[in-house]
Structure formats: structure tokens, C-alpha cells
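*Asks:*
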Amino acid sequence: MFFRLAVKSLLNRKGSIMLTIMAMAVSIFVLLGVEHIRGQSKQSFNSTVSGADLIVGARTGSMNLLLYSVFRMGSPTNNIDWQTYQNISANPKVAWAIPISLGDSHKGFRVMGTTTDYFTYFSYGKKRQLSFSKGKPFEQVFDVVLGAQVAKKLNYTLGANIILAHGLGKTSFSMHDQSPLKVVGILAPTGTPVDQTVHVSLQGIEAVHIDWQQIANMSGGAVSQKQIQALELELEPKSITAFMLGLTSRMNTFRVQRDINNYSNEPLTAILPGVALAELWQMMGLLENTLRLISGLILVAALLGLSAMMLASIRERKYEIHLLRVIGAPPWFLFFLVELEALLVSFVSMLVGITGLYLSLLIAGDVLSADFGMHIGLNILSFNNVLFLLLVAGSTVIAAAIPSFMAYKSASIGR
Amino acid sequence: MAIQLNDVRFAYPEAPNDCVLNIKSWSVSDQEHVFVHGPSGGGKSTLLNLLSGMLDANAGQVNVLGQRLDSMGARQRDHFRANHIGYIFQQFNLVPYIDAIDNIQLAHQFSNQQSLSDEIKSLLSSFHIPQSEWHKPVGRLSIGQQQRIAIARAMINKPELLIADEPTSSLDHNNRDNFMSELMAMVSEHRVTLLFVSHDMSLANYFGRADAFSEINTSGEHN
Chain A
5 MFFRLAVKSL LNRKGSIMLT IMAMAVSIFV LLGVEHIRGQ SKQSFNSTVS
55 GADLIVGART GSMNLLLYSV FRMGSPTNNI DWQTYQNISA NPKVAWAIPI
105 SLGDSHKGFR VMGTTTDYFT YFSYGKKRQL SFSKGKPFEQ VFDVVLGAQV
155 AKKLNYTLGA NIILAHGLGK TSFSMHDQSP LKVVGILAPT GTPVDQTVHV
205 SLQGIEAVHI DWQQIANMSG GAVSQKQIQA LELELEPKSI TAFMLGLTSR
255 MNTFRVQRDI NNYSNEPLTA ILPGVALAEL WQMMGLLENT LRLISGLILV
305 AALLGLSAMM LASIRERKYE IHLLRVIGAP PWFLFFLVEL EALLVSFVSM
355 LVGITGLYLS LLIAGDVLSA DFGMHIGLNI LSFNNVLFLL LVAGSTVIAA
405 AIPSFMAYKS ASIGR
Chain S
178 MAIQLNDVRF AYPEAPNDCV LNIKSWSVSD QEHVFVHGPS GGGKSTLLNL
228 LSGMLDANAG QVNVLGQRLD SMGARQRDHF RANHIGYIFQ QFNLVPYIDA
278 IDNIQLAHQF SNQQSLSDEI KSLLSSFHIP QSEWHKPVGR LSIGQQQRIA
328 IARAMINKPE LLIADEPTSS LDHNNRDNFM SELMAMVSEH RVTLLFVSHD
378 MSLANYFGRA DAFSEINTSG EHN
């Protein structure tokens, strides 16, 4: 009966209640949305690289190195010598090394030159290895392996011919349009920047940069298998952008890092991906807290609106309150009636907010994963968010205390 | 005695020097039907609020149905009111957005008695409320119907004392006569003490006893 009275009283004031619910729902949508996307993007970032013990690049900041080598964000400062790579990877403490050569793009997707070791040793998420949904790793100079998203977006299948552009824009003035590359493999989706990457061999990167048109012209426009093999020998890379290292023993990580940082032939930076990520989060912390603060303030505004609406209703319901008192309702009954009404409003707002967020993520999810390589899950009700919802319910009780107390007080006076 | 007041004084806390009620002695016997008349704004409602335990007297004895309200706590008085007193006002007798059955049920909620939905239905029938109106929010019913449901609501807990505060003022002549005859039949049948307050002297002939409020309350004379 108590519950029914509260529900019917709310239904009786549909207009103002609906608006209050909308305001609360929007604030809950923002609060949960920010928290959810924050958590998901962190998880997405953290799962991008998991196998490598060290990442090595030209002398630069650790953040910069992490961003361009792993996340394909920003531009490399400088290249490192091929000889340096070979020296370091020959170190007995090094189990494996993956060279990375960046700088080219294909229709907006970045091109990465590497070796087949990439497909063997690179891992993401919880130590998961890359797997092929179609085809196989590249073997020849002009073989290309596509990330899942690239193949999907550009509608490429095995055997397709593609052209690379120098630079990173979708349209570039310097198209390497004479180098026809052929798709030989397509990777399974990973939810990391790998999905957005076009992988070629280091020799492939070199090949599209040299003026090999002449070679082709000499043989009458067609490139024979023999010529390509001859080319491969010539195409030893002179420099690469960065490389990832796996060590034989993790115990050696800091010693190898120090050795690399003190490498005498050229200035290098070696970073531990986990440590660099932690630094990144520290940097993002301020932004995160600002976002949280703003969504918190939006919630406070919505709760104050709820409180004001309830307070106004107490005045309208003067006779109703008096009547309830006369038929024997004690003052606390009125206090809890108003509190219950506020909680019902807050609860419905949560449902509306959560449903709205779920639908938006469902719709926006494809765009986010295609354009940002961010995979946003749909399980909105994480531990943190459930905590937030409880906090909202708690704040509602506090915000409704003023109108509830007014109801209690007007009940006590009994006039 | 259903009601016995001795040396009762009352002033609202906002104006402690302005004595609204000053009653030397006044009583109502069990099952008596008393009509109290007087101009509005004279403190009649204040007296009724004292008798129902909504307000607490500053001094004196307030004896209702053999119980001393002036020595009870606020919660006890709420409980006492729910169980023993029925109350009908001029208007706003019902929560407008819930239906007749819920309104009566709600009044029942605060008493100690067991729920009896059959009793609610027979009460509504005896007050000539058609079954089609039972589940509509009472705000949509006519004033006459609302006042009759108000009697049903006031009677559901089988009170010993029924207090009516100008219940007919919002009714037209026809409705008023219907209301009065139904009310009087109900209180006689259930052997209820009735205290009826109105400024409308023409209603006095329904009652065996008619008191002028100015004779009960002497606060005006002393000031």
C-alpha cells in the first residue's frame, strides 16, 4: 500500500516527474558512460602489447616511443641504424627481436615493415598470439598482411593488389604507385592497433622507396620472379624505426635496458611497456578526474532539480499530508513516502540512463572500433559502475531529505 | 463519557499569547449526536484537532473515549486516532489520485485491525457508490460521491467517535440532504458518537443536541 501510494502519487504528477527523470537519466548516462569508456579504453590500451619486455627506439621520451611504436600515434623522432638492431638482437640475453619500420600509409592505414618474427613472437591481451583468419605470413618482397579492420574497411581479399603512399594522409602527393603489393594474409581481429595496420616485410618497405622503376623498365615493364629474388638481396634495410625485445630471462630486463640506454654508437631509448603505460595513465589521471568531476557535478545538478521538484510538490500536497495524518499516519510515514518517491524517480532514471547508454554503445561501437581501434564492451555494469549507482541512490536519499523533512514537519504541526 | 474537557487551554506556538481555546468544562455522552455551530475562524477546527490528538493542549484535561490524550505521546495519539476516531472534512477527504477502495484501505492501514476487502465493498455499496466507480481515482468522481466515500473511509476502522468538520459545505442542497441522511443512518446503526461542526444552522434539526461554539469556548470573553 505504501509503495502503491508512492507510485500513484508519482503517476499523478507525470509531467514534472518525467522531466526530472530525463535530467537524472542524462546525468547517469554521462556518469556511467565516462566511467565505462575510461575503463574500457584503459583495458584496450593495456592489452595492446603484452609479450615484449623492452621497446627500443631512437633517443626520445618514453611516452613518445610507446605511442608511436605500439599505438601508431604521433611520429617517430628519428630512425635507428640497422646495424644497431643487429648488434643488440645478437645479445645472448635477448630471446627474440621484432624490428618495426613506420612512415608509410595505405588509404589512411599505417604501413608497418617488420619480419616474420612479428607473427611468431608479438602478443597482445593475455599473452595471445596473432593468428590468421585467412592466408599466411608474407614471404616475398611484395607480399602484404592486413589487419582485420583494414581488410574489412577496404574490402580486400587475398590476392588483391594495393599501392602504398609515403606519409600518413589518405591522399599523399608522393604515391609509390609503381609498387604493386599483393595481399597474402589477413589477421584475425585483436581489438588493438594491429587491426588497423598494413604489414609488409622490411624489404618491401625499402623496395617501394628505391627507384626500382628503372629495373622494371629494363625488363620491359614486367617484374620477373628472378628479379624479385635478386632485389631481396639488394634490399637490406639501412634503418628501422624501433624494435621490440623479448629477453631470455625477465631478471635481466633492467640490465639490458641500461646497456641499451648507454649504447655508444648511437643514442637510444629502451622502455618497459608496462612502466611507460603506467606513466601514461598517471598523465591521463588528471583528465580522468576532471571528467569524473564534471559528471559528478551534472549528477548533483540533477539531484538538486529532483529535490526542488519534490519540495514544490510538498506545498501542493498540503491537504493530502493533512489527510494522511488525520487517518493516523505518523509523521515518519510522510518522511519515508517522499523518500520512497525520490528513490523511485532515481531508480527509473537509472534504468533509462543504462538503457540509453547500452543502446548508444551498441550503435557507436562499430564506429569506435573502426575509427579508433577501441573495442568498447557492452557490460556496463562493472564493479565501479554498480558502486556509482549505489552512490546515486545514496545521494538521492540525501537530496530528498530536505523535502522529506518538510513533509515530516508540515505533518507534525497538524494544521 | 465520549468526550470530557476540563480547563483546556490552547495557543499556537507561533502566537503563544493569543489563546485560541479556553474551555472550562464540556462533555459529550456516549452515542450522543452533537451539533456545534459557530462562525468560521472561531477555533472550531482547533478544538477538533485537539480532540483527534493532532494538536496537544497547553493545559487541562482532554479525555476522549475514556483516554487522557493530554498524557499520551505523539505516536500513541496517532495510533489512537487511527483506531478510534473517524474524521470527515469539508473537502480533501480523500487522496485524489488513488481509487475509492485504496483510499479506504489506506485508512485501514494505520489501525490494528485485519484487512477486510469484502467489508470495504459492502461499505461502498451501502453508500450507493456504483461498482464502476470503485477503481477510478477518486479525484474524478463527483463531490457528492467523494463525501460519501469519505464517510465510508471514516467508518472502516469502526470508530467510537466520528468527527465531522463542515462536511456539507461543498455540497448542493440535494446532495447535502442525501449526505446527512446517510450519515445519520450510519452513525445510528453503528452506535457511534457524532460530533458535527458547521456554521449552517439549518442542519441542527438532524441532531438531538446543538451547542454554540461561543458558549463552549470562553477565550474571546477573557481577552
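Heads up: the sequence lines are chains A and S, in that order.
For the first sequence, our numbering assigns the number 419 to the last residue and increments by one with no breaks.
For the second sequence, our numbering assigns the number 400 to the last residue and increments by one with no breaks.
We put the beta carbon where it would ideally sit given N, CA and C, even for glycine.
(1) Does any C-beta atom of chain S lie closer than 8 Å to the C-beta of residue 348 of chain A?
(2) Between residue 188 of chain A and residue 147 of chain A, which are expected to be in contact by the criterion C-beta below 8 Å, what is the C-beta distance as a whole number of angstroms?
(3) List the residues of chain S that residue 323 of chain A touches, going by C-beta distances under 7 Å, in chain order.
(4) Give a yes or no on whether 8 Å exceeds the smallest Cβ distance from residue 396 of chain S to chain A.
(5) Have a look at residue 225 of chain A and residue 167 of chain A and give me their C-alpha separation to the nearest angstrom.
(6) Our contact map puts residue 325 of chain A next to residue 308 of chain A with C-beta atoms below 8 Å; I'd like the distance itself, whole angstroms only.
(7) Rounding to the nearest angstrom, what Cα-Cα distance links residue 205 of chain A and residue 114 of chain A in this structure?
(8) Any beta carbon of chain S sitting closer than 8 Å to that of residue 360 of chain A?
(9) Find out if the Cβ-Cβ distance for the pair residue 265 of chain S, residue 228 of chain S is shorter than 8 Å.
(10) Could you check the C-alpha separation between residue 310 of chain A and residue 328 of chain A for me, to the nearest Å?
(11) Check whether the Cβ of residue 287 of chain S lies closer than 8 Å to any Cβ atom in chain A.
(12) State whether the segment 51-68 of chain A contacts the segment 389-401 of chain A, with contact taken as three or more CB pairs (one from each stretch) at a distance under 8 Å.
(13) Starting from the beta carbon of residue 381 of chain A, find every residue of chain S whose beta carbon is closer than 7 Å, and list them in chain order.
(14) With residue 204 of chain A as the anchor, note down where its beta strand (DSSP E) starts and where it stops.
(15) Does the segment 389-398 of chain S come into contact with the segment 210-224 of chain S, if we say contact requires no fewer than three beta-carbon pairs (one atom in each stretch) closer than 8 Å?
(16) Between residue 396 of chain A and residue 364 of chain A, is the Cβ-Cβ spacing less than 8 Å?
(17) Could you give the DSSP three-state label for residue 176 of chain A: helix, strand or coil?
(18) In the DSSP assignment, find the beta strand (DSSP E) that holds residue 4 of chain A and state where it starts and stops.
(19) So, at 7 Å on beta carbons, what are the nonlocal neighbours of residue 218 of chain A in its own chain, with the 5 sequence-adjacent residues on each side left out?
(20) For residue 180 of chain S and chain A, any beta-carbon pair shorter than 8 Å?
(21) Is the segment 336-354 of chain S touching the segment 182-197 of chain S, taking contact as three or more C-beta pairs under 8 Å?
(22) With distances taken Cα to Cα, identify the nearest neighbour of residue 391 of chain A among A:125, A:36, A:49 and A:5.
(23) Who are the Cβ neighbours of residue 64 of chain A in its own chain at under 7 Å, not counting the five residues just before and after it?
(24) For residue 241 of chain S, which beta-bridge partners are listed by DSSP?
(25) Short of 8 Å Cβ to Cβ, which residues in the segment 9-22 of chain A face chain S?
(26) Is DSSP giving residue 133 of chain A helix, strand or coil here?
(27) What does a CB cutoff of less than 7 Å around residue 273 of chain S pick up in its chain, not counting 5 residues either side in sequence?
(28) For residue 240 of chain A and residue 119 of chain A, I'd like the C-alpha separation in whole angstroms.
(29) What is the DSSP secondary structure of residue 305 of chain S, counted as helix, strand or coil?
(30) Kindly indicate which residue of S:235, S:249, S:270 and S:375 has the alpha-carbon position closest to the one of residue 330 of chain A.
(31) Tell me the rounded alpha-carbon separation between residue 358 of chain A and residue 408 of chain A.
(32) Go through its chain and collect everything with a Cβ distance to residue 164 of chain A's Cβ below 6 Å, but skip five positions before and after it.
(33) To the nearest angstrom, how far is it from the Cα of residue 419 of chain A to the Cα of residue 299 of chain S?
(34) Under three-state DSSP, which class holds residue 279 of chain S?
(35) Give a yes or no on whether 8 Å exceeds the smallest Cβ distance from residue 44 of chain A to chain S.
(36) Could you pull the start and end residues of the alpha helix (DSSP H) that residue 67 of chain A belongs to?
*Replies:* By the coordinates alone:
(1) As a working mapping, residue 348 of chain A is identified with position 344 in the first sequence. Taking Cβ atoms only, chain S never reaches closer than 8 Å to residue 348 of chain A, which makes this a no.
(2) Here residue 188 of chain A refers to the residue found at position 184 when the first sequence is read from its first residue. Here residue 147 of chain A refers to the residue found at position 143 when the first sequence is read from its first residue. The pair is a contact, with the Cβ atoms about 4 Å apart (cut-off 8 Å).
(3) Stepping through the first sequence from its first residue, residue 323 of chain A is reached at position 319. Going along chain S in sequence order, the residues near residue 323 of chain A (Cβ under 7 Å) are 269.
(4) What you label residue 396 of chain S is simply residue 219 of the second sequence in a count that begins at 1. With 8 Å as the cut-off, residue 396 of chain S does not count as an interface residue toward chain A.
(5) As a working note, residue 225 of chain A is residue 221 in the first sequence. As a working note, residue 167 of chain A is residue 163 in the first sequence. The pLDDT assigned to residue 225 of chain A is 47, lower than 50, so where the model puts this residue is not dependable, and the model offers no usable value.
(6) Position 321 of the first sequence, counted from the start, is the residue given in the question as residue 325 of chain A. Position 304 of the first sequence, counted from the start, is the residue given in the question as residue 308 of chain A. Wrong, their Cβ atoms sit about 23 Å apart, outside the cutoff.
(7) Counting from 1 along the first sequence, the entry for residue 205 of chain A is found at position 201. Counting from 1 along the first sequence, the entry for residue 114 of chain A is found at position 110. Going by the C-alpha atoms only, they are around 14 Å apart.
(8) For this step, residue 360 of chain A is matched to residue 356 along the first sequence. Answer no: the Cβ-Cβ gap between residue 360 of chain A and chain S never drops below 8 Å.
(9) The residue labelled residue 265 of chain S in the question sits at position 88 within the second sequence. The residue labelled residue 228 of chain S in the question sits at position 51 within the second sequence. Not a contact, by the Cβ cut-off of 8 Å.
(10) Counted from its first residue, the first sequence places residue 310 of chain A at position 306. Counted from its first residue, the first sequence places residue 328 of chain A at position 324. Roughly 23 Å separates the two Cα atoms.
(11) Counting from one through the second sequence, the residue named residue 287 of chain S turns up at place 110. Yes, because at least one Cβ of chain A sits closer than 8 Å to the Cβ of residue 287 of chain S.
(12) no
(13) Position 377 of the first sequence, counting from 1, holds the residue named residue 381 of chain A. Those within 7 Å of residue 381 of chain A in chain S number zero; the least Cβ separation is about 43 Å.
(14) Position 200 of the first sequence, counting from 1, holds the residue named residue 204 of chain A. Residues 201-205.
(15) yes
(16) On the first sequence, residue 396 of chain A is found 392 positions in, with the first residue counted as 1. On the first sequence, residue 364 of chain A is found 360 positions in, with the first residue counted as 1. Contact: no.
(17) By 1-based counting over the first sequence, the position of residue 176 of chain A is 172. A caution first: residue 176 of chain A carries a pLDDT of 48, below 50, which makes its placement in the model unreliable, though a value can still be read off. Residue 176 of chain A falls in the coil class under three-state DSSP.
(18) As shown, chain A starts at 5 and ends at 419. That puts residue 4 of chain A outside it, with no answer to give.
(19) For this step, residue 218 of chain A is matched to residue 214 along the first sequence. Legend: pLDDT at residue 218 of chain A = 48, less than 50; position of this residue unreliable, no value from coordinates given.
(20) Numbered from 1 along the second sequence, position 3 holds the residue referred to as residue 180 of chain S. Judged by the 8 Å Cβ criterion, residue 180 of chain S is not in contact with chain A.
(21) no
(22) Residue mapping note: residue 391 of chain A aligns to position 387 of the first sequence, counting from 1. Here the closest residue by C-alpha is A:36.
(23) Here residue 64 of chain A is taken as the residue at index 60 of the first sequence, counted from 1. Result list for residue 64 of chain A: 81 and 273, in chain order.
(24) Taking the second sequence and counting its residues from 1, the one referred to as residue 241 of chain S is at position 64. Note: residue 241 of chain S sits in a beta bridge opposite S:180 and S:244.
(25) 9, 12, 13, 15 and 16
(26) For this step, residue 133 of chain A is matched to residue 129 along the first sequence. Here residue 133 of chain A sits in strand by DSSP.
(27) Indexing the second sequence from 1 puts residue 273 of chain S at position 96. These residues qualify, in order along the chain: 314, 315 and 316.
(28) Counting from one through the first sequence, the residue named residue 240 of chain A turns up at place 236. Counting from one through the first sequence, the residue named residue 119 of chain A turns up at place 115. Their backbone Cα atoms lie some 12 Å apart in a straight line.
(29) What you label residue 305 of chain S is simply residue 128 of the second sequence in a count that begins at 1. Residue 305 of chain S falls in the coil class under three-state DSSP.
(30) The residue you call residue 330 of chain A lines up with position 326 of the first sequence. Here the closest residue by C-alpha is S:270.
(31) On the first sequence, residue 358 of chain A is found 354 positions in, with the first residue counted as 1. On the first sequence, residue 408 of chain A is found 404 positions in, with the first residue counted as 1. If I take the Cα positions, the gap works out to 27 Å.
(32) What you label residue 164 of chain A is simply residue 160 of the first sequence in a count that begins at 1. Taken in chain order, the residues that qualify are 187.
(33) By one-based count along the first sequence, residue 419 of chain A stands at place 415. By one-based count along the second sequence, residue 299 of chain S stands at place 122. With a pLDDT of only 45 at residue 419 of chain A, under the threshold of 50, the placement of this residue in the model should not be trusted; the figure read from the coordinates follows. Taking the straight line from one Cα to the other gives about 33 Å.
(34) Residue 279 of chain S sits at position 102 when you count from the first residue of the second sequence. Residue state, collapsed to three classes: helix.
(35) Locating residue 44 of chain A in the first sequence gives position 40, where the first residue counts as 1. No, its Cβ sits nowhere closer than 8 Å to a Cβ of chain S.
(36) By 1-based counting over the first sequence, the position of residue 67 of chain A is 63. It spans 66-74 - the alpha helix (DSSP H) in which residue 67 of chain A sits, taken as one unbroken run.
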